[in-house]
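These notes are about the structure you will find just below.
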Amino acid sequence: MWLSSLDLRTCAMCWAMHGTVHPLSERFAGHIQDRCTSVPLLEGESPEDVGISPGAVEFAKRSAKDQRFILGSGKNALYQDGKIAFSDVVVENEDPNWGLERNERTLGSLEAMVDRRAKESGPWRPNAKTRPVELLDGRADSVTVTQNAMDRMGEIYGRDFDPESIARLVAAPNGAKVRADVDGDAVFVDVEHAELKIEMQRTFRPDKTVRHNFTEIRGAPQGTGLDIFSRQVANYVDIGAKSIDNEAAGFPGDDKLNGYFTWPRYGFNMQLDYQAKRATAAADVPADNLNDLFTVYQMKGVEWWRKNGYGGEMEFDLRYGSTSRDRLDRYLEEKGKGRSPR
């Protein structure tokens, strides 16, 4: 786990890296004269379990003056306007001599990134069936969020939320209706888009896990579901969420429900039952879980699951360096969408 000195002498890159989790195989990749270190975590342990919050959460606790000082006025304006994620300030480079290095992205580079994203997405038009719906410029038709919901989200994640930030958090498409309220000690967010026939519900729990209660996308352009999910992952990571869980439905040959296959392709994991373990071994793709099946055997495992898979409770690990995030990045690259937004 990456630990930074969270004070005004610390650069924005190190603030963003604070609390991120990395594999043991990765060399500590900071920059010259940084004041960071790495500490071990036990298997299955998260930074929150040992009292460490993500850098974005700690940053949100600082005064507006401190935030401008840490990021700089230009970068801070982009961040406060929701045009970049906090983790976007980190840029990774592969040095031929030193290997992986991380540095702070320049303001010019961030502005170019914002412009590029806007050009790649372009304005959405209802008849543009070949173009995924634009997700990020905040033109939801209506957003109804109770004060209790905003307060509860603030208590869970240690930062301020307003109706627009909650709509962006769940990547509500333009023209959608968004509604959020408390449900016990959790917060649910409903998203509905009549024209695109999109319905989603997300529940944000006190333990910083997110439940994807249901997702239906029946009339949107091809690729919209993947675009929405990858943006949600980036947003959840930015606020410090730990994981996503859902119940994937469907089975091979089901013409209406295909979650059993789609969600694993996006990076969700599930332990295989006894019969499936025996079947994968017999098919020469022995696996204990979907991560094994899709990562070790790649397309051979993917194809086996498409023909033989089943639904059930699945989980997406939001931690830095997780197999879930790596698999999502690989799938996005396979689809020509680059890596997930950071």
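Numbering-wise (our numbering), the sequence shown opens with residue 1 and increments by one.
Where a beta carbon is used, it is the ideal one built from N, C-alpha and C, also for glycine.
Assigned secondary structure, residue i (DSSP; H/G/I helix, E/B strand, else coil)
{"i": "Ala112", "result": "helix"}
{"i": "Ala416", "result": "This structure cannot speak to residue 416, because the chain is shown only from 1 to 342."}
{"i": "Arg105", "result": "coil"}
{"i": "Glu45", "result": "coil"}
{"i": "Phe188", "result": "strand"}
{"i": "Glu271", "result": "The identity of residue 271 in the sequence shown is Gln, whereas the question assumes Glu. Here Gln271 sits in strand by DSSP."}
{"i": "Arg9", "result": "coil"}
{"i": "Leu196", "result": "coil"}
{"i": "Val143", "result": "strand"}
{"i": "Ser87", "result": "helix"}
{"i": "Phe294", "result": "helix"}
{"i": "Pro23", "result": "coil"}
{"i": "Arg35", "result": "coil"}
{"i": "Arg202", "result": "strand"}
Chain-order list of residues whose beta-carbon lies under 7 Å from that of residue i (same chain, five-residue window excluded)
{"i": "Met299", "result": "none"}
{"i": "Thr130", "result": "Below a pLDDT of 50, predicted positions are generally treated as unreliable, and Thr130, at 33, falls in that range; the measurement from the model is reported next regardless. So the list reads Pro221, once near-sequence residues are dropped."}
{"i": "Trp15", "result": "Ser4, Leu6, Gly55, Phe59 and Ile70"}
{"i": "Tyr260", "result": "Ala248, Ala249, Gly250, Phe251, Gly309, Tyr310 and Gly311"}
{"i": "Val285", "result": "Leu293, Tyr297, Lys300, Gly301 and Trp304"}
{"i": "Phe161", "result": "Met150, Met153 and Gly154"}
{"i": "Asp185", "result": "Pro206"}
{"i": "Ala12", "result": "Ile70, Leu71, Lys75, Val89 and Glu104"}
{"i": "Thr37", "result": "Leu3"}
Range covered by the alpha helix (DSSP H) that runs through residue i
{"i": "Gln147", "result": "Gln147 to Tyr157"}
{"i": "Ile70", "result": "Ala64 to Leu71"}
{"i": "Ile166", "result": "Pro163 to Leu169"}
{"i": "Ala12", "result": "Ala12 to Met17"}
{"i": "Asn246", "result": "Unbroken run through Asn246 is the beta strand (DSSP E), Ser243 to Ala248; no alpha helix (DSSP H)."}
{"i": "Tyr331", "result": "Thr323 to Glu334"}
{"i": "Pro264", "result": "Gly259 to Tyr266"}
{"i": "Met299", "result": "Met299 to Asn308"}
{"i": "Ala56", "result": "Gly55 to Ala60"}
Per-residue burial, residue i [other beta carbons within 10 Å of its own, 16 or more giving buried]
{"i": "Val57", "result": "buried"}
{"i": "Gly301", "result": "buried"}
{"i": "Ala282", "result": "exposed"}
{"i": "Asp317", "result": "buried"}
{"i": "Pro252", "result": "exposed"}
{"i": "Pro23", "result": "exposed"}
{"i": "Lys65", "result": "exposed"}
{"i": "Val189", "result": "buried"}
{"i": "Ser46", "result": "buried"}
{"i": "Gln80", "result": "exposed"}
{"i": "Val143", "result": "buried"}
{"i": "Arg9", "result": "exposed"}
{"i": "Val50", "result": "exposed"}
{"i": "Leu135", "result": "At Leu135, the pLDDT of 46 sits below 50, so the modelled position is not reliable; the number obtained from the coordinates is stated separately. Counting Cβ neighbours within 10 Å, Leu135 comes out buried, since at least 16 surround it."}
{"i": "Asp238", "result": "buried"}
{"i": "Ala112", "result": "exposed"}
Residue i: first and last residue of the uninterrupted beta strand (DSSP E) it sits in
{"i": "Phe214", "result": "Thr209 to Ile217"}
{"i": "Gly312", "result": "Gly312 to Asp317"}
{"i": "Lys177", "result": "Lys177 to Asp183"}
{"i": "Gln232", "result": "Careful: Gln232 lies outside any beta strand (DSSP E), inside the alpha helix (DSSP H) at Thr224 to Ile239."}
Close beta carbons around residue i, own chain, < 6 Å, minus the five adjacent residues each side
{"i": "Ala241", "result": "Lys208, Val210 and Leu318"}
{"i": "Thr20", "result": "Trp2 and Tyr320"}
{"i": "Lys177", "result": "Asp141, Ser142 and Glu192"}
{"i": "Gln67", "result": "Asn76"}
Own chain residues within Cβ distance below 8 Å of residue i, not counting five before or after
{"i": "Gly225", "result": "Thr215, Ile217 and Thr262"}
{"i": "Val39", "result": "Met1 and Leu3"}
{"i": "Val187", "result": "Ala149, Arg152, Met153, Ile156, Ala180, Asp181, Thr203 and Phe204"}
{"i": "Met270", "result": "Ala248, Pro264, Asn289, Leu290, Gly312, Glu313, Met314 and Glu315"}
Does the structure place the region 208-223 close enough to the region 273-288 that three or more beta carbon pairs sit under 8 Å?
no
Do the region 232-243 and the region 76-92 make contact, defined as three or more Cβ pairs closer than 8 Å?
yes
With a cut-off of 8 Å, do at least 3 Cβ pairs link the region 217-230 to the region 186-199?
yes
Are the region 139-156 and the region 168-187 in contact at 8 Å, needing three or more beta carbon pairs?
yes
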